[in-house]
Amino acid sequence: MFYNKRKTIGVFLNRAELEFQQVLSRSLTETAKQCDYNIVFLTSFGIRETETMYDLYKEKKVKKARR
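Counting with my numbering, you get residues 53 to 119 for the letters of the sequence shown.
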């Protein structure tokens, strides 16, 4: 993948479109450059066919807050 002598760090990110993940990836990229490392991000964009328990909990919490 990389044709240089630097070590490579792999990072898995879920739902890369979210703000926290974007800030995290920018910070990690900058730090990797400063330390002379390659960095590879493996991401998902939150597309799935079923809801997770977290999604159901979050939805329930939002409904309570609206009351």
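The C-beta atom is built at its ideal place from N, Cα and C for all residues, glycine as well.
Residue i in three-state terms, based on DSSP
i: Phe64; result: strand
i: Leu94; result: strand
i: Glu82; result: helix
i: Phe54; result: coil
i: Leu129; result: This structure cannot settle anything about residue 129, because the visible part of the chain is limited to 53 through 119.
Rounded straight-line distance, which links the Cα of residue j to that of residue i
i: Phe72; j: Phe93; result: 15 Å
i: Asp88; j: Val63; result: 16 Å
i: Phe54; j: Ile61; result: 11 Å
i: Thr83; j: Asn90; result: 10 Å
i: Ala59; j: Gln86; result: Correcting the residue type first, residue 59 is Lys in the shown sequence and not Ala. About 13 Å.
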